[in-house]
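Written out below as structure tokens is the structure these notes cover.
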Amino acid sequence: MKDFTKELSFKTSRSSGAGGQNVNKVETSVTVLWNVQESGFFNEFQKNLIQEKLRNRINAEGFLFLTVSESRTQLANKNKATDKILEIVNKALVVPKKRLATKPSKAQKQKRLDTKKKLSDKKENRKFKY
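Numbering of the sequence shown is given in the UniProt record's numbering, commencing with residue 1 and proceeding in unit increments.
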């Protein structure tokens, strides 16, 4: 798991929701921004992989962004945002393994044929014979 927290930049804003009288004067919502292309922690292949998998979270300027306003404190929201963006990027870097093609076993083939035969017999018995 790569830790690129030094490259993150943060913006704060007023959060909606719970907070009472405090909600209109304290900026507790945190937006974390990270420029994918200018990152020094990842090679070009990894950057392209991140951009491909997270294209719906990357804006036109190439910044990956995430907003968190779950907590009433700015510090807690900042920590949650940092953890989430690290988790999202590290999940995007995982390359899925290729599936190995396998053939059905003899038992599976036989079971399928037996099921087809039973269904066929059931339908045949529905017919009225004169």
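Glycine included, C-beta positions come from ideal geometry on N, C-alpha and C.
Contact annotation: the stretch 110-126 does not touch the stretch 23-35, with fewer than three C-beta pairs closer than 8 Å. In the three-state scheme derived from DSSP, where H, G and I count as helix and E and B as strand, leucine 54 is classed as coil.
Within the stretch 27-115, complete alpha helix (DSSP H) segments of at least 4 residues are found at 44-53 and 74-92, given in chain order. In this structure alanine 107 is exposed. Its beta-carbon is surrounded by fewer than 16 other beta-carbon atoms within 10 angstroms. Secondary structure at lysine 11: strand, using DSSP grouped into helix, strand and coil.
Rounded to the nearest angstrom, the gap between the Cα atoms of glycine 40 and leucine 8 is 12 Å. Closest option to valine 89, judged by alpha-carbon separation, among Arg57, Lys116, Lys117 and Lys129: Arg57.
A straight line joining the alpha-carbon of asparagine 59 with that of glutamate 38 spans about 14 Å.
Secondary structure of serine 120 (DSSP, three-state): helix. Less than 8 Å divides the Cβ of lysine 84 from the Cβ of valine 68.
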